[in-house]
Amino acid sequence: MCSESRISMKRTKRQLVLNKGAEKFIFRYDSGCEDKLLDTLVEQAKDKCTNFDWFDAAVLSFKLTQSLIGQADKLLHESTNVQSLSTTNIDSESD
Numbered sequence: 002m003c004s005e006s007r008i009s010m011k012r013t014k015r016q017l018v019l020n021k022g023a024e025k026f027i028f029r030y031d032s033g034c035e036d037k038l039l040d041t042l043v044e045q046a047k048d049k050c051t052n053f054d055w056f057d058a059a060v061l062s063f064k065l066t067q068s069l070i071g072q073a074d075k076l077l078h079e080s081t082n083v084q085s086l087s088t089t090n091i092d093s094e095s096d
């Protein structure tokens, strides 16, 4: 579970899925708890009782990173739009 301070924030449920032959590995996690997900991937890769290996952990870590980059780009784009609107409002007020 994430730290108590993060629990008060609204969370988005996310999941990573890996299909490996007849097996399907599904990892569900809360947005903001990606560090715990990475810990879980490591634990699963170390576990000799599963077919989940280090390559699988690397693949899902890469997918997680790509997802986080996409979220950051979206936030950056939204922030740029808000700043543009603020600048437009300031310019129109000075007329």
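First residue of the sequence shown? That's 2 in the numbering used here, and the numbers climb one at a time after it. Each residue gets a CB set at the ideal place from its N, CA and C atoms; glycine is no exception.
Item                                                                                                : Value
Host alpha helix (DSSP H) of residue 47 (start-end)                                                 : 35 to 47
C-alpha gap between residue 80 and residue 59, whole angstroms                                      : 31 Å
Residue 54 in three-state terms, based on DSSP                                                      : coil
Segment contact, 8 Å Cβ cut-off, at least three pairs: the region 66 to 81 with the region 46 to 55 : no
Residues bridged to residue 31 [DSSP beta-bridge criterion]                                         : 14
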